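Below: the structure, in structure tokens.
See the structure below:
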């Protein structure tokens, strides 16, 4: 292997070029607060939880069965279960680097040995294909997830390579697997690509790790081939696989959200490494269009249960928002890459929104259950999932310990373990802070070594205090993101040695000869605010949400003392904040009464008396008012006029469903 | 076989008891107008179209292959393709009875011979199961559709039995198949039931046709077993199969809509034949709850693409409304049975709504292409389907000639051919008219023979003129349904020999000693009206629809000269009608411009100027107004304030997509 030409940050992404160079786990350490707490929980609970379930269900055991020759008979799990083992191994690799946990290191080495033992002499590895009684290698690119699994193996290998060195056995396993892929799918070889993108982003990173161009070349081939119609004729349609169009002809993300976002990450990586500004411009504009028209308020992507897919533009219903947890993880991957590549803070805003309101929502506070889908409204209360129960993927309403398709918990584990790598970047001139959390940051600029301490109670409090612990004498630039929600009207202020000044949304740059001990403070106004949807979104018309700082708030039935679906909110004053609680004035609409739900009375008009009760099926009464309603219907508006109004607390959306079965809504109908 | 104890109407349903006795094709003949035209098109185009495709794709050929011993290798189509052949045969049976078409009779006999040749000696019949290389008989009740297919065979047999006599070969094939089912699944035998209900409604009707109680007993067993958890553990969940609850514990329809509605039809049949008023009351109240909370304005049922299923209460989005054509057919089946059983005109209203706005929407005007799903909004224009192309089932936006799952065209064919049976009923005291169409009706009451002529341009015109062509001297009662939309405020008037009087929604009864030539006229006010959704429907809040008589109207981009998604309607005056066209005042909202779609400006507030254009991805500009929008966003409301308003024609929803690719919406955002 050749040596890469630039310093390698210890993190999941290491672009060869681009606007900014990421700072990795070697440069950034989360110390306290919201994200540090999640990292500790990840170490204490989530990683072990995933490991236990993966052993228990036999998914890691599949590799042992392969060695014993017991496949396919003894195989357990879905066709992509290998990938869960690999994602967990990636999480372990980052976590070992973060914490130095030697027991976890041993566990990772043990898993590596089991995986390595199942690798074929030519590098190919899969517990699902290639043996007598199984499908041939690469015989089902559409649904087999073979290259997808290998992609996750490679990402685990990259994580281990960056944290334990290139000689680690996991790196060697990943390299051998990647070599086999390059031989099989090279320019002159099989012209295929995987139904589920993932190998692309993995191969580019392996190239960055090892300096071997072949992997980047192979990724470029996979990306270029996509859209040629390999998945023509599948009932689900080509767009599901992002195979409807070549990447360079697309204007917006579409199809299966996780697939689209993994692919997008790889496209950004390719554009950056190739210094292909046209492709980067395209990738950025595809993402901006997706943020503008196909993204939920939480940052959640994928509106459809059907195909786990993006919907059409403005198809963003609250109740059926799929917003898969893995799509949140993948969106963070793609948007973070775009921040580094373009320097555009809008992508960092998207990362923040998605981390706080989607990634943070999935796991329960104890780290032992998870949401797979993250809708913005829960219509019916769901029974709690059994602690021992494997759930279908799309259940909503209560977090489940595990799923038949259990991609999300492991995806969270690897994200939490590597979260420090998403906070900051550097360039020749200074350091950029993209996300706010208690942390220590240290890197060497051309001017010299810089150490920063970031202290903040964010998102509970809006002050971010940066202390320059070590600095060269020469000037350098500290760049801070000012979130869009805080900018423009005095919602953000910067305090430096020179005083306090309002700052606008976007980025604020402080270029100075800093002195050790000097502080820079960013104050963000966290007063809760009404947030209105674009009028083109059918599913949200006539509703409003509340946000507080980066947090999307939610109304839960537990706080309302009634079904959250009955809430109607008054918005003539801003939402209140009292004693740390966000309160909004709410009245209850009347309880549902059955009747034909479409009529000649405008909502808000007074209710007409109904001629007859619902009665039995033999009741032939009719309303006497000419309204087109079934007997027994109340108009649903009349009695509400006199319903008492009261102040009801909202909670951060990411905390919902922690207090037992409930109904919930983010978007509240307005009076 | 024993002889049934009461006269058998020539129609799909013949209840043993119940409020009213249906009049069949032998008593009612459609003569002119909207539904007669569809019947003619069915005869001239649709039935032949289905027959051609079924032959061409080898679905009827599967039976020949079975005889040749070429199965499973030569088998074509999905696991339920046998049922398409049977539904087509049912359509042919009704059509032969309606028209006397001898060529079609020969074609049906030929198909019957081919099917019969594939029947096993013990009566079992399936091209999918039971041979070497195929699954064992009834080895996959969850997904195999085996009993479902046999159910459709039995319905075809019943149609033939009622139109050509019990000695017809198709009846014998059906009886032999039913006998095998009864042996296999009887009280002491296998305790299973089919994943897709259908056999139940078929067996009860076969019992009614033949007088053999065994079939009704078997249906009762199937219905009673349902909900015992046979389909536990399927990823899609038990509710999909209506297996989550016993029928008597359910309060509303749920799961796969077609399955739920076929089952509901059987439950009504069982309740009626058993004179089980508790069960009938339950079935009626389940349907009323479904009409009140889970039915689209068009009568369409099934809100979800995912599982082709009912959604939760009030989950009725326009754009993603699935509203499968077959669910419309099944809803007509179930609601018609409830009309007969209970006499409640609300169910006849539902039949009318569904026929005019769902069943009539699916087929193109030439009878050669069909909608599978019938959403109430088309967001993007779809390319026309190729005339030779088999489409995935859920495509929307353009009708397709055929589908991979092609249940809908054949279901329409059998419904159109038997449509006369849904118009009227009789009891000891008189005749009830439920649906309005040009028709001749003839039956024998205890008082003597009655012949009626119904003349109407409905739904284009609102006058229904009934002429008593023949009548006994004794008095009898003519009962007319007054649609809910017309009742109460002078919207409906009845003219008899005694003068004209306003009538209320529900039913109006005219009891007289009629004289030959005497007329009764019902005048329904068809002035177009605004229809407002219940406030609990998230997806429709802030919108209004237009209805004209029984027709739901739609705005199509072809008439707007712009994307229908941009329309905003003003509702302070009623919709206009000019020269037979319905017109509404519409302005165009501004064209979409990309920006973060959630912000601090309430919709309707004035737009703030944006600081920067969208530019390239390296643009880091921010809006200067503190709104939470991406640069380049317009508020989507500001310029609209001054947009000119104009009168735009609406078309009946059932006519949309007949003029090339378009966008469409039924529910129009209000100003």
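Protein chains in written order, with my numbering: chain W, 1086 to 1756; chain B, 1086 to 1756. The C-beta atom is built at its ideal place from N, Cα and C for all residues, glycine as well. What you are looking at is a predicted structure, and each value in this text was computed from that prediction instead of being measured.
Hey, is the segment 1218-1235 of chain B in contact with the segment 1164-1180 of chain B, meaning 3+ C-beta pairs nearer than 8 Å?
yes
Which stretch, first to last residue, makes up the alpha helix (DSSP H) that contains residue 1567 of chain W?
Position 482 of the first chain, counted from the start, is the residue given in the question as residue 1567 of chain W. Run containing residue 1567 of chain W: none in the alpha helix (DSSP H); it sits in the beta strand (DSSP E), 1561-1567.
Which first and last residues belong to the alpha helix (DSSP H) in which residue 1289 of chain W is found?
Residue 1289 of chain W sits at position 204 when you count from the first residue of the first chain. Note, residue 1289 of chain W: alpha helix (DSSP H), 1284-1295.
Is residue 1592 of chain B helix, strand or coil when you go by DSSP?
Taking the second chain and counting its residues from 1, the one referred to as residue 1592 of chain B is at position 507. Strand at residue 1592 of chain B.
Please go through the same chain and pick out, in chain order, the residues whose beta-carbon is closer than 7 Å to the beta-carbon of residue 1621 of chain W, but skip the five residues on each side of it.
On the first chain, residue 1621 of chain W is found 536 positions in, with the first residue counted as 1. Excluding sequence neighbours, residue 1621 of chain W sits near 1399.
Pair every Cβ in the segment 1661-1673 of chain B with every Cβ in the segment 1729-1737 of chain B, then say whether three or more of these pairs are closer than 8 Å.
yes
I need the boundaries of the beta strand (DSSP E) containing residue 1426 of chain W, first residue and last residue.
Sequence index remark: in the first chain, residue 1426 of chain W carries index 341 (1-based). No beta strand (DSSP E) contains residue 1426 of chain W, which is instead part of the alpha helix (DSSP H) from 1410-1427.
Using only the alpha-carbon positions, how far apart do residue 1139 of chain B and residue 1251 of chain B sit?
Taking the first residue of the second chain as 1, we reach residue 1139 of chain B at position 54. Taking the first residue of the second chain as 1, we reach residue 1251 of chain B at position 166. Between residue 1139 of chain B and residue 1251 of chain B, the C-alpha separation is close to 27 Å.
Presumed contact (8 Å Cβ cut-off) between residue 1539 of chain B and residue 1554 of chain B, rounded CB distance
Looking up residue 1539 of chain B in the second chain gives position 454. Looking up residue 1554 of chain B in the second chain gives position 469. Actually they do not touch by this definition, with Cβ atoms about 11 Å apart.
Report the option in B:1281, B:1266, B:1213 whose CA atom is closest to the CA atom of residue 1274 of chain B.
Taking the second chain and counting its residues from 1, the one referred to as residue 1274 of chain B is at position 189. Per the Cα distances, B:1266.
So which of B:1127, B:1482, B:1395, B:1354 has the shortest CA-CA distance to residue 1427 of chain B?
Here the question's residue 1427 of chain B lines up with position 342 in the second chain. Measuring from the Cα of residue 1427 of chain B, the nearest candidate turns out to be B:1354.
Answer yes or no: does any C-beta atom of chain W fall closer than 8 Å to that of residue 1376 of chain B?
Here residue 1376 of chain B refers to the residue found at position 291 when the second chain is read from its first residue. Cβ-Cβ to chain W under 8 Å: yes for residue 1376 of chain B.
Short CB-CB distance (under 8 Å) between residue 1390 of chain W and chain B
Position 305 of the first chain, counted from the first residue, corresponds to residue 1390 of chain W. Chain B, which has a Cβ nearer than 8 Å to the Cβ of residue 1390 of chain W, makes this yes.
Look up residue 1334 of chain B in the DSSP assignment and give the residues it is bridged to.
Reading the second chain from its first residue, position 249 is the one you call residue 1334 of chain B. Answer is none; residue 1334 of chain B lacks a bridge partner.
Step through the CB atoms of chain B and report whether any lies within less than 8 Å of the CB of residue 1586 of chain W.
Position 501 of the first chain, counted from the first residue, corresponds to residue 1586 of chain W. It does not: the Cβ of residue 1586 of chain W has no partner Cβ on chain B nearer than 8 Å.
Buried or exposed: where does residue 1720 of chain W fall if 16 or more other Cβ atoms within 10 Å of its Cβ makes it buried?
Position 635 of the first chain, counted from the first residue, corresponds to residue 1720 of chain W. Unreliable placement is indicated for residue 1720 of chain W, whose pLDDT of 38 sits below 50; the coordinate value is still reported in the next sentence. The residue in question, residue 1720 of chain W, is buried, as its Cβ has 16 or more Cβ neighbours within 10 Å.
DSSP state of residue 1605 of chain W mapped onto helix, strand, coil
Position 520 of the first chain, counted from the start, is the residue given in the question as residue 1605 of chain W. Residue 1605 of chain W: strand per DSSP, three-state reduction.
Please report the residue range of the alpha helix (DSSP H) in which residue 1528 of chain W lies.
Along the first chain, read from residue 1 onward, the residue named residue 1528 of chain W stands at position 443. First-last for residue 1528 of chain W: 1523-1530, but that is the beta strand (DSSP E), not the alpha helix (DSSP H).
So, with DSSP's three-state summary, where would you put residue 1513 of chain B?
In the second chain, the residue the question calls residue 1513 of chain B occupies position 428. Residue 1513 of chain B: coil per DSSP, three-state reduction.
Compile a chain-ordered list of the residues in the segment 1540-1564 of chain W whose CB is closer than 8 Å to at least one CB of chain B.
none
Could you tell me which residues DSSP puts in a beta bridge with residue 1518 of chain B?
As a first step, residue 1518 of chain B is located in the second chain; it is residue number 433 there, counting from the start. BP columns for residue 1518 of chain B point to B:1509, B:1565.
Identify the contact partners of residue 1622 of chain W in chain B, using a Cβ-Cβ distance below 8 Å as the criterion.
Position 537 of the first chain holds residue 1622 of chain W. Per Cβ cutoff of 8 Å: 1682.
Suppose the cutoff is 6 Å on Cβ atoms and the five residues either side in sequence are ignored; what does the same chain contact list for residue 1536 of chain B look like?
Here residue 1536 of chain B is taken as the residue at index 451 of the second chain, counted from 1. Excluding positions up to five away in sequence, the list reads 1527, 1554, 1555.
Can you list, in chain order, the residues of the segment 1608-1641 of chain W whose Cβ is nearer than 9 Å to any Cβ on chain D?
In the structure shown, chain D cannot be found, because the protein chains are W and B.
State buried or exposed for residue 1195 of chain W, treating a residue as buried only when at least 16 other CB atoms are found within 10 Å of its CB.
Counted from its first residue, the first chain places residue 1195 of chain W at position 110. Exposed is the call here.
In chain order, what residues of the segment 1440-1467 of chain B put their CB closer than 8 Å to some CB of chain W?
1462, 1464, 1465
Output the distance between the C-alpha atoms of residue 1440 of chain W and residue 1738 of chain W, rounded to the nearest integer angstrom.
One-based indexing of the first chain puts residue 1440 of chain W at position 355. One-based indexing of the first chain puts residue 1738 of chain W at position 653. For residue 1440 of chain W and residue 1738 of chain W, the distance between alpha carbons rounds to 12 Å.
Are any of the Cβ atoms in chain B nearer than 8 Å to that of residue 1320 of chain W?
The residue you call residue 1320 of chain W lines up with position 235 of the first chain. Residue 1320 of chain W counts as touching chain B.
If you draw a straight line from the C-alpha of residue 1452 of chain W to the C-alpha of residue 1222 of chain W, how long is it?
If you number the first chain from 1, residue 1452 of chain W lands on position 367. If you number the first chain from 1, residue 1222 of chain W lands on position 137. Going by the C-alpha atoms only, they are around 37 Å apart.
Can you pull the chain W neighbours of residue 1397 of chain B, defined as C-beta to C-beta under 8 Å?
By 1-based counting over the second chain, the position of residue 1397 of chain B is 312. Result: 1404, 1464, 1465.
Closer than 8 Å by beta-carbon distance: list the chain W residues that pair up with residue 1762 of chain B, in chain order.
Not covered by the structure: residue 1762 of chain B. The range shown for chain B is 1086 to 1756.
Which residues, in chain order, does the segment 1468-1486 of chain B contribute to contact with chain W at a C-beta distance below 7 Å?
1477
Since residue 1213 of chain B and residue 1219 of chain B are thought to touch, with beta carbons under 8 Å apart, how far apart are those beta carbons, to the nearest angstrom?
The residue you call residue 1213 of chain B lines up with position 128 of the second chain. The residue you call residue 1219 of chain B lines up with position 134 of the second chain. Contact holds; Cβ gap of about 7 Å.
Please classify residue 1150 of chain W: does DSSP put it in a helix, a strand, or coil?
By 1-based counting over the first chain, the position of residue 1150 of chain W is 65. In this structure, residue 1150 of chain W counts as helix in the three-state DSSP scheme.
Cross-chain neighbours of residue 1172 of chain W in chain B, by beta carbon under 8 Å
Sequence index remark: in the first chain, residue 1172 of chain W carries index 87 (1-based). Going along chain B, no residue has its Cβ under 8 Å from residue 1172 of chain W, so there is no contact; the nearest lies around 21 Å.
Go ahead and label residue 1191 of chain B buried or exposed: buried means 16 or more other beta carbons lie within 10 angstroms of its beta carbon, across all protein chains shown.
Taking the second chain and counting its residues from 1, one reaches residue 1191 of chain B at position 106. Classification for residue 1191 of chain B: exposed.
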